[in-house]
Amino acid sequence: MKLFCFPYAGGSSVVFNNWKSYLRYDIELRAIELAGRGKRIMEAHYTDLNDAVNDVFSLIISEIRGGDSYAFFGHSMGAKIVYELTQRIMEKRLPGPKHIFFSGRGAPNISRFDEKAYHKLPDEEFKKEILKLGGTPKEFFEHPELVDVFLPLLKNDFRLAHEETPIKEINPFPCDITVFMGKDEDLTPEQVDGWKNNTSGICTIHYFNGGHFFINEKAEEVIKRINSTLQQTSKPVKLQTNC
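To get my numbering, take the position in the sequence shown, counting from 1, and add 198.
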């Protein structure tokens with residue numbers, strides 16, 4: 199089974215580099231490189247969420263069209279992209295994921311009126327807030343040449359993550375979903391439990407020790423949970439008969 203992984207704001211495919219060592223032998227990692235970072239650093243930043251979805255859809259279409267089993271994992275901004283991407287796949291009537299892992303983000307149908315618009319802050323104040331969130335080493339901001347390249351990307355990613363996507367009607371996914379959260383995550387129970395309305399299958403919610411970047415701090419635990427979930431997902435379904 200292929201596992202397509204989508205990073206958080208400011209993240210690149212490098213976020214998932216060490217996952218290969220812990221994933222089951224039958225899970226093929228596909229770490230998505232978003233525009234404007236990593237190997238695609240020279241490409242323009244996304245203008246909006248739809249632009250990002252169009253891009254990643256074009257990256258994976260040839261792989262999912264073949265009918266191979268696959269799953270999605272997205273953390274924070276990556277979870278938001280995965281949600282919209284899966285809706286696009288359903289609209290196109292293409293083979294959908296066998297399982298989806300939504301990590302570090304509340305349900306899209308529950309508005310976050312208290313969510314900070316970090317991208318609108320002045321640069322110095324923005325840096326301070328980013329350091330509070332974790333995930334970016336303090337030393338990084340001590341190198342002006344890196345800040346000049348990285349700060350515009352990070353602010354743009356936070357804009358995409360904050361961007362409200364109107365949802366007139368929930369279109370539940372036909373597959374089971376798993377929701378990962380940090381115990382110190384700044385989300386209400388309603389925002390987490392809201393994911394249950396986004397699947398016609400089973401929604402499992404699992405909490406890890408830590409804050410928003412628990413996927414880095416507790417990587418082995420996260421991957422262990424992914425392994426066990428996908429192992430169950432890949433098992434053949436025993437059909438019931440009246441014979």
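Don't be surprised by glycine CBs; every beta carbon is placed ideally from N, CA and C.
In the displayed model, LEU349 falls within a helix according to three-state DSSP. When DSSP reads this structure, PHE270 sits in a beta bridge with PHE202 and ILE298. A distance below 7 Å between beta-carbons, with the five flanking residues on each side excluded, links ASN407 to the following residues of its chain, in chain order: LYS381 and LYS416. Per the DSSP secondary-structure output, GLU226 pairs in a beta bridge with LYS200. ASP374 carries a strand assignment under DSSP once its states are collapsed to helix, strand and coil. Within its own chain, the residues whose Cβ lies closer than 8 Å to the Cβ of SER274, once the five positions on either side in sequence are excluded, are TYR206, ALA207, SER301, GLY302, ARG303, ALA359 and HIS410, listed in chain order. Distance from ALA269 to MET199 at the Cβ level is roughly 6 Å; contact confirmed, criterion being Cβ atoms closer than 8 Å.
Pairing HIS317 with LYS290 gives a Cβ-Cβ distance that is not under 7 Å. The Cβ atoms of ARG222 and ASN395 do not sit closer than 7 Å to each other. Put simply, the stretch 210-218 does not touch the stretch 247-254. Fewer than three CB pairs are less than 8 Å apart.
Nearest Cα to ARG263 within the set PRO295, PRO335, GLY236 and TYR405: PRO295.
In the DSSP annotation of this structure, the continuous segment of the alpha helix (DSSP H) that includes ILE258 starts and ends at 247-262. Counting of Cβ neighbours within 10 angstroms places SER260 among the exposed residues, the total staying below 16.
With respect to the 7 Å criterion, CYS373 and GLY399 are classified as neighbours on the basis of their beta carbons. Boundaries around ILE403 are those of the beta strand (DSSP E), 401-406, since no alpha helix (DSSP H) includes it. Beyond the five residues adjoining it in sequence on each side, ILE258 comes within less than 7 Å, by CB distance, of PHE202 in the same chain, given in chain order.
Here MET240 carries a coil assignment [DSSP, helix/strand/coil]. Within the model, the alpha-carbon separation for PHE378 versus CYS401 is close to 11 Å. If you draw a straight line from the Cα of VAL280 to the Cα of PHE271, it comes to about 7 Å. Between GLY236 and SER256, the CB-CB gap reaches or exceeds 7 Å. Listed in chain order, the non-local C-beta contacts of PHE356 below 7 Å within the same chain comprise ALA207, TYR316 and HIS317, local neighbours out to five positions each way being set aside.
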